[in-house]
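Colleague: Residue numbers (my numbering), protein chains in the order written: chain A, 1 to 495; chain B, 1 to 284. In this text, a Cβ means the ideal position worked out from N, Cα and C, and glycines have one as well.
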Amino acid sequence: MRRVLLLAASIVIVNAPSHARSRFDISSQNTVAGPERGQRAPIKAESEMDARLARVERWLKAVLHHKPGEPDDAAREVNGWSNSELRSLWIDTNVVVKLIRNPKAASFSIRAEGQSRSQDVHYAPADFARLRALACAADGQIGAGAIVESPRCLETLVFGRLDDELRDLARHAHASKQRGDDNYVLRRGAILEADVAMLLPHNSEPVASSGGPAPDRFRMHLADGQGTAFRQVAIHWELARMLLDFVKPSGADRAAPGRDDMVRDWYRATASWMQDREDYDDMHLDRARQIFPADPVILFLSGCQREVYAAPRIQSAVRSAVAPPGTIFGIASDRGELHHAEDYYRRALAAGSSLPELHLRFGHVLLLLEHEADAAQQLRVALEREGDPLLRYYGQLFLGAAEERLGHGDVARQTYREAAALYPNAQSPHLALSALARRLGDRATALAEMHIVFELQHADSPPDDPWWTYYRSQARNADDLLESLWRPFLTEVDR
Amino acid sequence: MTLRGAFTALLLSTALSAQTQSPVFSTKVEVVRVDALVTDSGRPVLGLGPADFEVLDNGVPQAVEFVSYDQIPLNVVLAFDMSESVAGERLAHLRSAGTAVLAGLKRNDQAALVTFNNQIMLGAALTGDLGPLREAIEDVAGVGDTSLVDGVYAGITVGESDAGRALLIVFSDGLDTLSWLSSAAVLDTAKRSDVVVYAVSVGKVKADFLRDLASFSGGRLFELEKTANLSATFVSILEEFRQRYLVSYTPRGVSRDGWHRLEVRLKGKRATIKARPGYLAGPG
Chain A
1 MRRVLLLAAS IVIVNAPSHA RSRFDISSQN TVAGPERGQR APIKAESEMD
51 ARLARVERWL KAVLHHKPGE PDDAAREVNG WSNSELRSLW IDTNVVVKLI
101 RNPKAASFSI RAEGQSRSQD VHYAPADFAR LRALACAADG QIGAGAIVES
151 PRCLETLVFG RLDDELRDLA RHAHASKQRG DDNYVLRRGA ILEADVAMLL
201 PHNSEPVASS GGPAPDRFRM HLADGQGTAF RQVAIHWELA RMLLDFVKPS
251 GADRAAPGRD DMVRDWYRAT ASWMQDREDY DDMHLDRARQ IFPADPVILF
301 LSGCQREVYA APRIQSAVRS AVAPPGTIFG IASDRGELHH AEDYYRRALA
351 AGSSLPELHL RFGHVLLLLE HEADAAQQLR VALEREGDPL LRYYGQLFLG
401 AAEERLGHGD VARQTYREAA ALYPNAQSPH LALSALARRL GDRATALAEM
451 HIVFELQHAD SPPDDPWWTY YRSQARNADD LLESLWRPFL TEVDR
Chain B
1 MTLRGAFTAL LLSTALSAQT QSPVFSTKVE VVRVDALVTD SGRPVLGLGP
51 ADFEVLDNGV PQAVEFVSYD QIPLNVVLAF DMSESVAGER LAHLRSAGTA
101 VLAGLKRNDQ AALVTFNNQI MLGAALTGDL GPLREAIEDV AGVGDTSLVD
151 GVYAGITVGE SDAGRALLIV FSDGLDTLSW LSSAAVLDTA KRSDVVVYAV
201 SVGKVKADFL RDLASFSGGR LFELEKTANL SATFVSILEE FRQRYLVSYT
251 PRGVSRDGWH RLEVRLKGKR ATIKARPGYL AGPG
């Protein structure tokens, strides 16, 4: 069983991209023929810029064809693009969505997550016209049955550059608008990019700075508490987050993702997925909190992530890793991370969360911070309200540790025994009982409890200690959250 | 270090019944045992008796009642990291090293095998029958995470499960990632135990826990980059342990509970002495 942990780091980009200023010959702007579904033809282009714009077109078609939750051909095509291609896509789709929101826009300033400065992006007029055409299609302005509201899109319609698939996309986007949701490409694009990141094998390349305005993403693989590889990986999550930043909730006159339920659910579900798969990304929850500063679930997951970062497996890996120049882990010392976790849990409580599990994890963090009395109080609240055996097991185990440190040996012994009763094949309560007995001078009991631990290897059912999965058990409902997220889009596909 | 009662004292007496020294222990007093390596310019100093040692317990001189050298059978506990990083050549070297230790045992010595990854397992309990132990060592394979702290605790417990001088040899190529017990709790246990811990850490990890553990128990930490010479390291540990004196005394003039600072010296002789810096007594 190999566990892989992923950490994202940021790199500061200081140079404007030369390729963003490249010129494009309008004579090469041929319509890309719509390929058969499932047999997507390679992109043919006469210049780098031509290839970039063709890729935007292909991406929009992938958005149209992708079935949420499926590693289908559309997702596979996007997954096949290189990091460099995806960075260009990030820039160009950024411009497309800005055009969707403001068709009059003519100049574009872009700032990636983690970068301190914006950078201007320039296109040759012909390239820009083509991007505008794609934006018109993505906005539902052009296509069968669509109403052309923007004069600029009318010009594009006259050019007749859109093939049937893009017209189909426009029709869907228009229909979505008619239903009151002006975010067809944004929502489905974010779903597509997240699905690529979650459902398909990761593409990675040796670490190298791109030198462009698009974000870079680095991943450290961990195994057994040590970094085993450092790679540059595709920026699908960054693309998804960028798209959702432009979501305009029903009735709003401008982008306001913080008022949109789907965006909130997307962040909840994807952040849970990351924690369940131990695929951590600081920026994901950072952005989620910027958008939803008082969401109790996002604050809870933020606390969980920081609690994970304080755990030995992460701390040991970060301490032993040599990160590429210009990158940062964004991980503090174990106590620093515990204080971050404490802060998020307090904020989640202040936001009105009634999750018993919040009290449980808050109690665990307080225990690690050596605030045993406060920890015991939180853990008792969790145990009073929680009926799930898994969470009760954690609660009893942690409460036992708190009581032991408070000098209440008898209470500690009793709570450890209750934990042992909940999971008879778990070793941790018996280790705790043994160490407690040993400390109190009772060697016979210490040895007897260790014999129970040793006997577990011969038990009929394999040893199963929930402590081993504590640091991802908070996300055990990740798959359910994703199913709920995908469901409305699947219904739309069926329709 | 620990305070052992009448049970230990009687066993010590039995073990030494054939020796020239015939110490008599009261069955109602507690005896402190200090395992000490005495060297001069790196060579072991031999032939020392109780009169040669000076022991200070919290600064109070104690009367050394008994000194043993290579007379009490050993209980050697091997505690091996069996996480997923222990594979291939490293695993083969570890198996060879474990087998080499078994080959170095003498009659009446015993050995045990504890392995740890997610799970703490007893590969073989303390036994003088080395056949099953060899089989257990051959069966080990790396998988999962590293519960180093839990594994060390298990090793100490196994070492204490039988009278005799207990040597715990811990091998790990990583840092703890999964233990339930805290390192502080297990260091506390080590301070209460007379099991001597020699630890072998492989790789570029900071083995702080193992360093503290070896220090508190009077043992030693070996930090290796590779495992090519692991067998030689293990054998040298066993040889060094055999060259240690077991110095015993009944504490007098000091409070029973709490931390006892220990100083072990030779009277009138130049030597380097490696022994535990103290012991913890009474309930914590």
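Is there a Cβ from chain D that is less than 7 Å from the Cβ of Glu225 (chain B)?
Modeller: Checking the listed chains, one finds no chain D in this structure; the protein chains it contains are A and B.
Colleague: With distance defined between alpha-carbon atoms, name the residue in B:Ser83, B:Gln110, B:Ala63, B:Asp57 nearest to Asn75 (chain B).
Modeller: Here the question's residue 75 (chain B) lines up with position 75 in the second sequence. If we check each option's Cα against that of Asn75 (chain B), B:Gln110 comes out closest.
Colleague: Report yes if the CB atom of Ala124 (chain A) is closer than 7 Å to the CB atom of Ser272 (chain A), and no otherwise.
Modeller: By one-based count along the first sequence, residue 124 (chain A) stands at place 124. By one-based count along the first sequence, residue 272 (chain A) stands at place 272. Going by C-beta atoms, Ala124 (chain A) is not nearer than 7 Å to Ser272 (chain A).
Colleague: Please classify Lys61 (chain A): does DSSP put it in a helix, a strand, or coil?
Modeller: Translated into the one-based positions of the first sequence, residue 61 (chain A) becomes position 61. Looking at Lys61 (chain A) - three-state DSSP - the assignment turns out to be helix.
Colleague: Is the shortest distance between the beta-carbon of Asp224 (chain A) and the beta-carbons of chain B less than 7 Å?
Modeller: Within the first sequence, numbered from 1, the residue matching residue 224 (chain A) stands at position 224. With 7 Å as the cut-off, Asp224 (chain A) counts as an interface residue toward chain B.
Colleague: What does Leu222 (chain A) pair with, by DSSP beta-bridge criteria?
Modeller: Indexing the first sequence from 1 puts residue 222 (chain A) at position 222. Paired residues: A:Gly227.
Colleague: Would you check if the stretch 464 to 480 of chain A and the stretch 246 to 260 of chain A touch, i.e. whether three or more CB-CB distances between them fall below 8 Å?
Modeller: No: fewer than three Cβ pairs fall under 8 Å.
Colleague: What does Met450 (chain A) touch in chain B if you count any residue whose Cβ is under 9 Å from its own?
Modeller: Residue numbering aside, residue 450 (chain A) sits at position 450 when the first sequence is read from its first letter. Going along chain B in sequence order, the residues near Met450 (chain A) (Cβ under 9 Å) are Ile120, Leu122, Tyr153, Ala154, Thr157, Val158, Ser161.
Colleague: Name the DSSP beta bridge partners of Thr115 (chain B), please?
Modeller: Counted from its first residue, the second sequence places residue 115 (chain B) at position 115. According to DSSP, Thr115 (chain B) bridges with B:Phe80, B:Met121.
Colleague: Is DSSP giving Ala190 (chain A) helix, strand or coil here?
Modeller: In the first sequence, the residue the question calls residue 190 (chain A) occupies position 190. Residue state, collapsed to three classes: helix.
Colleague: Under three-state DSSP, which class holds Asn75 (chain B)?
Modeller: Here residue 75 (chain B) refers to the residue found at position 75 when the second sequence is read from its first residue. Strand, per DSSP.
Colleague: Given that Lys204 (chain B) touches chain A, what residues does it touch there, using C-beta distances under 9 Å?
Modeller: Locating residue 204 (chain B) in the second sequence gives position 204, counting from the first residue. Result: Gln226, Ser320.
Colleague: List the residues of chain A whose Cβ lies closer than 8 Å to the Cβ of Pro283 (chain B), in chain order.
Modeller: Position 283 of the second sequence, counted from the first residue, corresponds to residue 283 (chain B). Neighbours of Pro283 (chain B) on chain A, chain order: Arg439, Leu440, Gly441.
Colleague: Residues of chain A with CB closer than 8 Å to the CB of Trp259 (chain B), please, in chain order.
Modeller: As a position in the second sequence, residue 259 (chain B) is number 259, starting the count at 1. Correct list: empty, because the minimum Cβ distance to chain A is about 14 Å.
Colleague: At which residues does the beta strand (DSSP E) containing Tyr69 (chain B) begin and terminate?
Modeller: As a working note, residue 69 (chain B) is residue 69 in the second sequence. Element bounds for Tyr69 (chain B): 64 to 69.
Colleague: Using beta-carbon positions only, say whether Trp59 (chain A) and Ala214 (chain A) come within less than 7 Å of one another.
Modeller: Numbered from its first residue, the first sequence carries residue 59 (chain A) at position 59. Numbered from its first residue, the first sequence carries residue 214 (chain A) at position 214. In this structure, Ala214 (chain A) does not lie closer than 7 Å to Trp59 (chain A) by Cβ.
Colleague: Residues of chain A with a CB under 9 Å from the CB of Asp150 (chain B): which are they?
Modeller: The sequence position of residue 150 (chain B) within the second sequence is 150, counting from 1. Chain A residues near Asp150 (chain B): Gln427, Ser428, Leu431, Val453.
Colleague: Per DSSP, Glu418 (chain A) is paired with what?
Modeller: Taking the first sequence and counting its residues from 1, the one referred to as residue 418 (chain A) is at position 418. In DSSP, Glu418 (chain A) forms no bridge with anything.
Colleague: Any idea what DSSP makes of Arg476 (chain A), helix, strand or coil?
Modeller: In the first sequence, residue 476 (chain A) corresponds to position 476, counting from 1. Arg476 (chain A): coil per DSSP, three-state reduction.
Colleague: Nearest-angstrom Cα distance between Ser82 (chain A) and Arg52 (chain A)?
Modeller: The residue given as residue 82 (chain A) occupies position 82 in the first sequence. The residue given as residue 52 (chain A) occupies position 52 in the first sequence. Ser82 (chain A) and Arg52 (chain A): Cα-Cα distance of roughly 12 Å.
Colleague: Excluding the 5 residues preceding and the 5 following Leu238 (chain B) in the sequence, name in chain order all residues of the same chain whose CB lies nearer than 6 Å to its CB.
Modeller: Reading the second sequence from its first residue, position 238 is the one you call residue 238 (chain B). Around Leu238 (chain B): Val101, Gly104.
Colleague: Expressed to the nearest angstrom, what Euclidean distance is found between the alpha-carbon atoms of Leu186 (chain A) and Leu244 (chain A)?
Modeller: Position 186 of the first sequence, counted from the start, is the residue given in the question as residue 186 (chain A). Position 244 of the first sequence, counted from the start, is the residue given in the question as residue 244 (chain A). Taking the straight line from one Cα to the other gives about 6 Å.
Colleague: I want to verify the contact list: residues of chain B whose CB lies under 8 Å from the CB of Ser434 (chain A), in sequence order.
Modeller: Residue mapping note: residue 434 (chain A) aligns to position 434 of the first sequence, counting from 1. Ordered by position in chain B, the residues that pass the 8 Å Cβ test against Ser434 (chain A) are Tyr153, Thr157.
Colleague: Quick check: is the beta carbon of Ser255 (chain B) nearer than 7 Å to any beta carbon in chain A?
Modeller: In the second sequence, the residue the question calls residue 255 (chain B) occupies position 255. Chain A contact via Cβ: absent.
Colleague: Give the range of the alpha helix (DSSP H) segment to which Glu372 (chain A) is assigned.
Modeller: Looking up residue 372 (chain A) in the first sequence gives position 372. Where Glu372 (chain A) is concerned, the enclosing alpha helix (DSSP H) stretches over 372 to 385.
Colleague: Would you list the one or two residues that DSSP bridges to Leu178 (chain B)?
Modeller: Indexing the second sequence from 1 puts residue 178 (chain B) at position 178. Answer by DSSP bridge pairing: none, since Leu178 (chain B) is not bridged.
Colleague: Comparing alpha-carbon positions, which option in B:Lys269, B:Val247, B:Gly268, B:Ile273 lies nearest Gln62 (chain B)?
Modeller: Numbered from its first residue, the second sequence carries residue 62 (chain B) at position 62. Nearest option by C-alpha distance: B:Val247.
Colleague: Classify Gly227 (chain A) as buried or exposed, calling it buried when 16 or more other Cβ atoms lie within 10 Å of its own Cβ.
Modeller: Working through the first sequence from its first residue, we reach residue 227 (chain A) at position 227. When all chains shown are included, Gly227 (chain A) counts as buried.
Colleague: Which runs of the alpha helix (DSSP H) spanning at least 4 residues fall entirely within the stretch 425 to 469 of chain A, listed in chain order?
Modeller: Qualifying alpha helix (DSSP H) stretches, in chain order: 428 to 439, 443 to 455.
Colleague: Give the single residue among B:Ser182, B:Val140, B:Pro283, B:Thr272 whose Cα lies nearest to the Cα of Val38 (chain B).
Modeller: Within the second sequence, the letter at position 38 stands for residue 38 (chain B). The option with the nearest alpha carbon to Val38 (chain B) is B:Thr272.
Colleague: Closer than 7 Å between beta carbons: that is the criterion. Which residues of the stretch 75 to 105 of chain B meet it against chain A?
Modeller: Hits within the stretch, in order: Ser83, Glu84, Ser85.
Colleague: With a cut-off of 8 Å, do at least 3 Cβ pairs link the stretch 158 to 174 of chain B to the stretch 121 to 129 of chain B?
Modeller: Short answer: they touch.
Colleague: Give a yes or no on whether 7 Å exceeds the smallest Cβ distance from Ala447 (chain A) to chain B.
Modeller: Within the first sequence, residue 447 (chain A) is the residue found at index 447, counting from 1. Per the sequence shown, the amino acid found at residue 447 (chain A) is Leu instead of Ala. Output row for Leu447 (chain A): interface = yes.
Colleague: Quick one: Cα of Ser333 (chain A) to Cα of Arg211 (chain B), how far?
Modeller: Within the first sequence, numbered from 1, the residue matching residue 333 (chain A) stands at position 333. Within the second sequence, numbered from 1, the residue matching residue 211 (chain B) stands at position 211. Between Ser333 (chain A) and Arg211 (chain B), the C-alpha separation is close to 21 Å.
Colleague: Straight-line CA distance for Val95 (chain A) to Leu131 (chain A)?
Modeller: By one-based count along the first sequence, residue 95 (chain A) stands at place 95. By one-based count along the first sequence, residue 131 (chain A) stands at place 131. In a straight line, the C-alpha of Val95 (chain A) is about 8 Å away from that of Leu131 (chain A).
Colleague: If you pair each beta-carbon of the stretch 397 to 405 of chain A with each one of the stretch 416 to 426 of chain A, do three or more pairs fall below 8 Å?
Modeller: They touch, by the three-pair rule.
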